[in-house]
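Residue numbers (UniProt numbering), protein chains in the order written: chain A, 1 to 203; chain B, 1 to 203.
2 protein chains.
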Amino acid sequence: MTSTRGEFDLLEQTWSEVTPDAARRMLVAAARAFAEKGYHATTTRDIAAQAGMSPAAVYIHYRSKEELLFQISRIGHTTSLEVLTSVPEADPVRRMTAAVAAFAGWHAKHHTTARVVQYELNALTPEHRTEVVRLRRRIEAVVREMVEAGVEAGEFKVPDVDGATLAVLSLCIDVARWYRPGGPRTPVEVGELYADLVLRMLT
Amino acid sequence: MTSTRGEFDLLEQTWSEVTPDAARRMLVAAARAFAEKGYHATTTRDIAAQAGMSPAAVYIHYRSKEELLFQISRIGHTTSLEVLTSVPEADPVRRMTAAVAAFAGWHAKHHTTARVVQYELNALTPEHRTEVVRLRRRIEAVVREMVEAGVEAGEFKVPDVDGATLAVLSLCIDVARWYRPGGPRTPVEVGELYADLVLRMLT
DNA sequence: GGACATACTAAGCGGTTGCTTAGACCTAAG
DNA sequence: CTTAGGTCTAAGCAACCGCTTAGTATGTCC
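And the structure:
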């Protein structure tokens with residue numbers, strides 16, 4: 001249960017639905033490279049080499065380099081939306097706490113994927129971008145509904161629901177930028193810290 | 001006093017110390033392009049064309065494309081540090097309020113520069129990166145001192161000073177990612193909103 | 001006017017890019 | 001054994017990249 005092994009398991013888990021094996025290895029390699037150097041600074045030769053294959057092998061499974069990015073972005077957005085919505089709590093305060101902890105924690109734990117998800121949107125084709133933006137709007141709507149639920153229950157006191165929604169999302173998303181695996185906080189601790197800070201902000 | 005004219009004035013103001021005129025026009029063109037498409041997706045031909053000159057003209061004033069990025073990053077970091085430290089208030093609560101309003105507001109008003117400053121660090125050479133990271137640490141230190149001052153004065157109640165510092169900085173920095181000029185909030189309003197949210201978070 | 005420095009452009013060089021082509025290898029059905 | 005289909009590689013193409021070179025225009029000092 002070393003940290004390296006743990007990180008590898010997480011990658012395998014996120015992309016577990018992707019088949020065949022070579023296509024999944026390519027996605028994982030691309031996600032790593034895109035996160036580390038950015039989409040435009042990554043070459044298809046980088047990706048293929050990291051996946052242990054020849055440059056041409058990329059095009060057996062993907063139409064283009066951009067389609068690799070799109071798949072990472074699509075699966076990443078879908079997963080983070082699931083993380084956000086699958087909190088069991090019903091009480092508005094507990095629900096917000098659990099959701100922020102899970103969402104911020106996901107951005108820390110899967111910071112590699114999250115970085116591609118949050119910072120490489122502009123590299124997508126207009127069509128793919130539109131599809132991903134649709135997912136992002138759903139994420140935003142879920143957070144807004146949770147803020148509104150707390151306000152209606154009289155638990156949250158916010159003068160500006162849109163502003164509060166923006167700030168909660170912004171805080172969580174930015175975790176992908178600053179989080180480093182070797183840092184002082186585990187992903188779970190980041191989630192707990194952020195849940196506390198958001199609650200203070202809203203009440 | 002159209003918004004286009006206003007935006008242009010801001011750019012001129014930020015880079016006003018840069019001479020000669022052609023070098024400044026090149027910097028402004030590069031900052032725009034880097035912010036819009038990213039450093040690696042921007043070509044030296046893009047920059048030169050936007051500045052109204054031939055591709056070779058870039059190399060009269062700058063040694064490389066990376067040096068353009070470094071100058072934008074260096075001046076941008078220095079300016080934002082000045083914005084953060086030049087708040088006149090002495091009282092910890094008022095000081096934090098004014099500083100967050102100014103810092104977040106700067107990231108909105110100068111979102112073009114701020115985007116390059118915050119998201120293109122990895123494209124710098126190791127030497128230039130080290131120099132910029134030094135500036136970033138000073139910014140972080142200033143925010144931490146303001147949090148500590150509030151805690152010592154008994155005005156802020158935070159269980160984790162490092163965590164609170166991180167969150168305040170993170171919120172402000174992420175403005176550069178989401179802010180759009182045509183949106184519902186002016187830069188000043190963003191500053192006011194964020195100052196309020198941060199104060200709620202800390203007290 | 002002549003010598004020199006500065007600011008710029010037209011042309012292009014070597015290297016790298018995303019992607020394609022032609023064909024080898026492996027597996028499995030007939 | 002033969003054939004077909006899917007997976008992969010070696011080689012390379014056309015386009016584009018950052019940057020350089022050679023040369024022109026302009027202004028300035030003497």
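Note that the Cβ used here is the ideal one computed from N, Cα and C, for glycine as well.
| Query | Result |
| --- | --- |
| Neighbourhood of residue 214(A) by C-beta, 7 Å cutoff - its chain only, sequence neighbours within 5 removed | In the structure as shown, chain A begins at 1 and stops at 203. Residue 214(A) is therefore absent and cannot be evaluated. |
| Run of the alpha helix (DSSP H) containing Phe103(A), from where it starts to where it stops | Pro92 to Lys109 |
| Spatially closest choice to Gly105(A) from Leu197(A), His77(A), Val143(A) and Gly191(A), by CA coordinates | Gly191(A) |
| Proximal chain B residues relative to Leu193(A), where beta-carbon distance stays under 7 Å | Asp160 and Gly163 |
| Where Asp174(B) meets chain A, residues with beta-carbon distance less than 7 Å | Ser170, Ile173 and Asp174 |
| Straight-line Cα distance separating Tyr179(A) from Trp15(A) | 21 Å |
| Own chain, CB closer than 7 Å to Phe70(B), minus 5 neighbours either side, in chain order | Leu124 and His128 |
| Beta-carbon proximity list for Glu155(B), same chain, < 6 Å, skipping 5 on both sides | Pro92 and Val93 |
| As assigned by DSSP and simplified to three states, the class of Gly191(B) | helix |
| Collapsed DSSP secondary structure at Gly6(B) in the structure displayed | Note that Gly6(B) scores a pLDDT of 45, beneath 50, so its modelled location is shaky; the value from the coordinates is reported in the next line. If DSSP states are grouped into helix, strand and coil, Gly6(B) belongs with the helices. |
| Check whether Ile72(A) and Phe103(A) have beta carbons under 8 Å apart | no |
| Pairwise C-alpha distance: Ala108(B) and Ser80(A) | 27 Å |
| Segment contact, 8 Å Cβ cut-off, at least three pairs: the region 111–126 of chain B with the region 171–190 of chain B | yes |
| Near-chain B residues of the region 101–128 of chain A (beta-carbon distance less than 8 Å), N- to C-terminal order | Gln118, Tyr119, Asn122 and Ala123 |
| Supposed close pair residue 234(B), Leu197(A) - CB separation, criterion 8 Å | The displayed coordinates of chain B run from 1 to 203. Any statement about residue 234(B) would go beyond what the structure contains. |
| Bounding residues of the alpha helix (DSSP H) (the contiguous stretch that carries Val158(B)) | First-last for Val158(B): undefined, no H or E at that position. |
| Span separating the alpha-carbon of Ala29(B) from that of Val133(B) | 24 Å |
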